[in-house]
Amino acid sequence: MRLNIINKIKKKAQGLNTRIIFPEGSDKRIIKAAEYCAEKKICQPILITEENTSEKYAKTYSKKTGTPIKTSELIVKKPLFHAACALANGDADGMIGGCVYTSGEFIAVSKAIVGLQKGISVPSSFFVMTFPKREPLVYADCAVNPNPTPKELADIAITTARSVKTLLGWKPRVAMLSFSTRGSATHPEVNDVIKAEAITDKKARDLMIDGEFQADTALVLSTAKRKIKGRLGGVAGKANTLIFPDVDAGNIAYKLTQILAGANAYGPFLQGFNKVISDLSRGASVEDIIGTISVVSYWARRMK
Numbered sequence: 017m018r019l020n021i022i023n024k025i026k027k028k029a030q031g032l033n034t035r036i037i038f039p040e041g042s043d044k045r046i047i048k049a050a051e052y053c054a055e056k057k058i059c060q061p062i063l064i065t066e067e068n069t070s071e072k073y074a075k076t077y078s079k080k081t082g083t084p085i086k087t088s089e090l091i092v093k094k095p096l097f098h099a100a101c102a103l104a105n106g107d108a109d110g111m112i113g114g115c116v117y118t119s120g121e122f123i124a125v126s127k128a129i130v131g132l133q134k135g136i137s138v139p140s141s142f143f144v145m146t147f148p149k150r151e152p153l154v155y156a157d158c159a160v161n162p163n164p165t166p167k168e169l170a171d172i173a174i175t176t177a178r179s180v181k182t183l184l185g186w187k188p189r190v191a192m193l194s195f196s197t198r199g200s201a202t203h204p205e206v207n208d209v210i211k212a213e214a215i216t217d218k219k220a221r222d223l224m225i226d227g228e229f230q231a232d233t234a235l236v237l238s239t240a241k242r243k244i245k246g247r248l249g250g251v252a253g254k255a256n257t258l259i260f261p262d263v264d265a266g267n268i269a270y271k272l273t274q275i276l277a278g279a280n281a282y283g284p285f286l287q288g289f290n291k292v293i294s295d296l297s298r299g300a301s302v303e304d305i306i307g308t309i310s311v312v313s314y315w316a317r318r319m320k
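Take the sequence shown: its letters are residues 17 to 320, numbered as in the working numbering.
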């Protein structure tokens, strides 16, 4: 039986033994998942279970945020801040949280302390969608940015392409989705996608990003040939990575894909940070957490 792409990553993660820090180390699900992953040498888990003092991390937080050192000493005692400072200092290779903290808290602290990749304006997320009878796809951003500006949408596309290349080993073919294909409709929201695609042309000429495309144009070659006059390029009809114009579209699409196409949705995986960070659902099972640890461990090793 052919392994799906996430199961392949889980298998490759065994023996990597990367250092993953958990700011919610007292959660029973985290403990069980960490024990399993330590046994399989998927990671060296660092469980933060209580308030911790650290002069080094206080200095890190003060430098990153401009907070006075005495206040920073109090702040970095908190597990989430302590873990983020450890990651920023290179004392861990990746961080996983979200069982207790909200996504908003987890992302805000990570952005302030760990920081974003150079030239990237917003963190974002993606799902890996696997299907019974077709090759997998990546959907972004379905969880973080409700209404991105053209600049932010461009950065989401660029970051996702890099994630796909690093984590999945694909040659990313990234489609910027809209309800319009190459000017077939006129609307301010279509214009935002057009502007975003133009920005990607300037910022990331090495990446294959194209649009604006309707979903069928992005995925079905025969449809792309009918709808696009002239040269198709390398993305139309052959996309493996879909960038939705906002969270409304992305969130609706991935859930409909699960229900109607029998797809599995793995994620959302966070991206755009200087280090590998992943959010968890507060309802995550031990098996969900083991899968996320495997992905983060493998991704962190690939980023080195």
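Built from N, CA and C at the ideal position, the CB exists for glycine as well. Please read all numbers here as calculations on a predicted model, not as lab measurements.
Count the other C-beta atoms from every protein chain shown that fall within 10 angstroms of the C-beta of residue i, then say buried if there are 16 or more, exposed otherwise.
i: I256; result: Note that residue 256 corresponds to Asn in the displayed sequence, not to Ile. It is buried - the Cβ of N256 has at least 16 other Cβ atoms within 10 Å.
i: A173; result: buried
i: D264; result: exposed
i: N163; result: exposed
i: K245; result: exposed
i: K26; result: buried
i: M17; result: Here M17 scores only 35 on pLDDT, less than 50, and its place in the model should not be relied on; the value that follows carries that caveat. Per the 10 Å Cβ criterion, exposed.
i: R189; result: buried
i: D208; result: buried
i: A277; result: exposed
Are residue i and residue j close, meaning C-beta to C-beta below 8 angstroms?
i: V125; j: L96; result: yes
i: L32; j: A50; result: no
i: G253; j: D226; result: no
i: G106; j: K219; result: no
i: L184; j: I21; result: yes
i: K93; j: E67; result: yes
i: S119; j: H98; result: no
Excluding the five sequence neighbours on either side, which residues of its own chain have a C-beta within less than 8 angstroms of the C-beta of residue i, listed in chain order?
i: N267; result: C158 and A159
i: V292; result: D109, G110, M111, V312, W315, A316 and M319
i: F289; result: S126, K127, V130, G131, L132, Q133 and P139
i: Q60; result: N33, T34, R35, I36 and A54
i: F260; result: Y155, A156, D157, C158, L193, G266 and A269
i: T83; result: Y77 and I91
i: K181; result: K187 and P188
i: T176; result: S140, F142, V154, A156, D157, P188, V190, T257, I259 and Q287
i: G299; result: none
i: K44; result: none
i: K75; result: I85 and S88
Select from the options the residue whose C-alpha is nearest the C-alpha of residue i.
i: K72; options: S88, V311, P61 and Q274; result: S88
i: I210; options: A170, R150 and T273; result: A170
i: T273; options: F38, G299 and F143; result: F143
i: P204; options: K241, P166 and L258; result: P166
i: S301; options: N68, T81 and I46; result: I46
i: L223; options: A234, E213 and D232; result: E213
i: A201; options: K243, S70 and K218; result: K243
i: P39; options: G113, K80 and F260; result: G113
i: C101; options: F122, D304 and K24; result: F122
i: V116; options: G185, K75, G41 and I37; result: G41
i: T197; options: V206, K187 and F229; result: F229
i: L103; options: A277, Y77, S119 and T83; result: Y77
i: Y282; options: R298, G299, L276 and D304; result: D304
i: W186; options: K44, E151, D217 and D208; result: E151
i: S179; options: I275, L153 and D217; result: L153
i: N161; options: A177, G82, S137 and K181; result: S137
i: F195; options: K271, A231 and T176; result: A231
Going along the chain, which residues of its own chain have a beta-carbon closer than 7 angstroms to the beta-carbon of residue i, five neighbours each way excluded?
i: A29; result: I58, S310, S313 and Y314
i: P284; result: S141, F142, F143, C158, A159 and D295
i: I215; result: P166, K167 and A170
i: N279; result: In the sequence under discussion, the amino acid at residue 279 is Ala, which differs from the Asn named in the question. So the qualifying residues of the chain are M145, T146, F147 and T273.
i: T6; result: With the chain covering 17 to 320 only, the question about residue 6 has no answer from this structure.
i: I306; result: A49, Y52 and C53
i: T308; result: I112, S294 and L296
i: D262; result: P162, N163 and P164
i: V236; result: G253
Tell me, please, whether the CB atom of residue i is closer than 8 angstroms to any CB atom in chain C?
i: K94; result: Considering every chain present, this structure includes no chain C. It has just one protein chain.
By Cβ distance, which residues of its chain are closer than 6 angstroms to residue i, with the 5 residues on each side in sequence left out?
i: A240; result: T233, L248, A252 and G253
i: A191; result: G227, F229, A234, V251, A255 and L258
i: K80; result: I129
Relative to the ligand GTP, is the shortest distance from any of its heavy atoms to the C-beta of residue i smaller than 7 angstroms?
i: T118; result: The ligand content of the structure shown is nil, which means the ligand GTP is not present either.
Point to revise | Secondary structure, beta strand (DSSP E): runs of 3+ residues fully inside the stretch 229-306 | key: 257-259, 280-287 and 292-295
Practice item. Write down every uninterrupted run of the alpha helix (DSSP H) in the stretch 40-90 whose length is 4 residues or greater and which is fully enclosed by it, in chain order. Key: 44-55 and 71-81
Practice item. Kindly provide the ranges of any beta strand (DSSP E) runs that are 3 or more residues long and lie completely inside the stretch 78-157, ordered along the chain. Key: 110-113, 140-146 and 153-156
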